[in-house]
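The opening position of the sequence shown corresponds to residue 1 in this note's numbering, with each subsequent residue numbered one higher.
Think of the CB as a built atom: it goes at the ideal place given N, C-alpha and C, for glycine as much as any other residue.
Predicted, not measured: the structure shown is a model, and the values here were computed from it.
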Amino acid sequence: MAKTYNPYDNMLQVLESAAQKLGLKPSDYETLKFPERELKVSIPIRMDDGSIKVFEGYRVQHSSTLGPCKGGIRYHQEVDIDEVKALAAWMTFKCAVVNLPYGGAKGAVKVDPGKLSHAELERVTRRFTAAILPIIGPEKDIPAPDVNTNAEIMGWIMDTYSMLHGYAIPSVVTGKSIEIGGSLGRAEATGRGVSIVTQEILKYLGMPETGVKIAVQGLGNVGGISAKLLHENGHKIVAVSDVSGGLYNPAGLNVPALRAYIEKNRTLEGYSEPGARNITNGELIGCECDVLVPCALQNQITSANAASVQAKLIVEGANGPTAVDADEILSKKGITIVPDILANAGGVVVSYFEWVQNIQELTWEEDQINATLKKIMVRSFGQVLEIVKEHRVSFRVAAYMLAIGKLVRAKKIRGVFP
């Protein structure tokens, strides 16, 4: 019987490996193996037909050592508590890598939002917000969008939280619409961060800084923006995919046209262009390309398909797309991987900017936001690269070493209560 993939176990294996490279004692990082708080809630909703359905929701706070917890909320029918725990832990390490005063959190509702009406989706969101309200807030835990959630849903969360407190509190969430306190540049931030890191790793590896063949799995906010910006940087997007399937064209796809199609039709289904052929998500993983950018869900590159990867470089736009056993196979093939906790940190960086603007009641210009984001991403990449060179480890282990080192030092300074 095949072993069931557990993303939290996956995270723990990498944590142990990095901690050993740092020469840490188990007592130094023991607290990082356990979330500080796990909340499971039931969400009773009156459906449009008058029936009552009860959905399951979660909010996990992994660490508040460096500051308030921060992390997205996803709506997905297959989400479970181990997935949310892993995502919360990855957020802890991600914030530490880019030196933000945040810890990691994550939330989820076990639901297929595609089967809900717009009104039912709003009721789920507002009831879920009320259920997790005791543990969220600008000073303790700030949610944001994730898979199948967006600026509109963040607006409902902000409004529900504000109504229950009696005044507007925009800083309770990030990723909101501009009109209610959202930040310029936030919608593109994660994809922009992916494109910045991709350019940095191409330079380091001595690969061309334009014209490389790139495959992007997932065309949601992260994948769609990554494809757009990498295309604008002069690269060939040779393959893309979403839940409906994918396309491959070795000469490069028409990225503006396919993004316009998805904007109108929501998926790639039915889209075609000269020279392109239909492929599956699995075929995209193994397609001929220079760079593979997985921007869908976790556990996409596994021991079952890692050997088929032809890319020289993987830049992880999604959280946890590569299983530990796949990492070993890819390493033996000489494939470089820029890990999620570095590559996709642009979103939380600009979420931090949004939170600061809300608290200070200021508005920053978009060019200032993008320039500061680039400065932080380039600096963090450089810090990880120094560890790669000094310790001769992979970029993933180096990123974890950077994060764990900061967290362990901070924990020693704070001590253990009581």
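Within this structure, are the beta carbons of residue i and residue j separated by less than 8 Å?
i, j, result
"E200", "F417", "no"
"H235", "V216", "no"
"I135", "R59", "yes"
"G104", "G71", "yes"
"T267", "S244", "yes"
"G175", "S351", "yes"
"A144", "V173", "yes"
"V384", "V98", "no"
"Q310", "E288", "yes"
"N299", "N319", "no"
"H76", "N148", "yes"
"A326", "S308", "no"
Does residue i come out as helix, strand or coil in the three-state DSSP assignment?
i, result
"A2", "Low per-residue confidence applies at A2: pLDDT is 42, beneath 50, and the placement is therefore not dependable enough to give any value."
"N249", "coil"
"N254", "coil"
"P418", "coil"
"N221", "helix"
"T336", "strand"
"K53", "strand"
"N305", "coil"
"I169", "coil"
"T322", "strand"
"I277", "Reading the sequence as shown, one finds Arg at residue 277 and not Ile. Here R277 sits in strand by DSSP."
"K115", "helix"
"R186", "coil"
"I201", "helix"
"Y271", "coil"
"M207", "coil"
"I135", "helix"
"N370", "helix"
"T92", "helix"
"Q360", "helix"
"E365", "coil"
"R379", "helix"
"G23", "coil"
"R392", "coil"
"T129", "helix"
"K411", "helix"
"Q300", "coil"
"G175", "coil"
"H231", "helix"
"N10", "helix"
So is residue i buried or exposed if we call it buried at 16+ other beta carbons inside 10 Å?
i, result
"I359", "exposed"
"A2", "Only weak support is given to the placement of A2: the predicted model assigns it a pLDDT of 42, under 50, and the value that follows is read from those uncertain coordinates. So A2 counts as exposed."
"S436", "Given that the chain is displayed from residue 1 to residue 418, the structure contains no residue 436 and the question cannot be resolved."
"S272", "exposed"
"A276", "buried"
"N265", "exposed"
"P101", "exposed"
"A251", "exposed"
"D159", "buried"
"E354", "buried"
"E78", "exposed"
"E83", "buried"
"K228", "buried"
"G223", "buried"
"I375", "Per the sequence shown, the amino acid found at residue 375 is Lys instead of Ile. Exposed is the call here."
"D357", "At residue 357 the sequence reads Gln, which differs from the Asp that was named. Burial call: buried."
Within the same chain, show all residues whose beta-carbon is closer than 8 Å to that of residue i, passing over the 5 residues directly before and after it, in chain order.
i, result
"R123", "I45, R46"
"W156", "E122, T125, R126, T129"
"I314", "V291, L292, V293, P294, I301, T322, L330, I335, T336, I337, V338"
"R409", "none"
Could you pull the DSSP bridge partners for residue i from this structure?
i, result
"E38", "V60"
"V147", "None; V147 has no bridge partner."
"N99", "Looking at the DSSP assignment, N99 forms no beta bridge with any residue, so it has no partner."
"C69", "G103, D141"
"L292", "A215, I314"
"Q240", "Sequence check: residue 240 is Val here, not Gln. BP columns for V240 point to V216, L247."
"A264", "Residue 264 is actually Lys in this sequence, not Ala. Answer by DSSP bridge pairing: none, since K264 is not bridged."
"A108", "Y58, R74"
"T160", "Per DSSP, none; premise fails for T160."
"P44", "V54"
Between which residues of its own chain and residue i is the CB-CB distance below 7 Å, once the five residues before and five after are set aside?
i, result
"S226", "G191, V194, S195, V216, V293, C295, G317"
"K411", "T31, T65"
"N233", "S195, Q199, T210"
"V378", "I196, E200"
"L133", "Y161, L164"
Which same chain residues end up closer than 6 Å to residue i when comparing Cβ atoms and leaving out the 5 residues on each side of it in sequence?
i, result
"H62", "P35, A88, A89, T92, G104"
"V324", "N10, Q13"
"D242", "L219, T267, L268"
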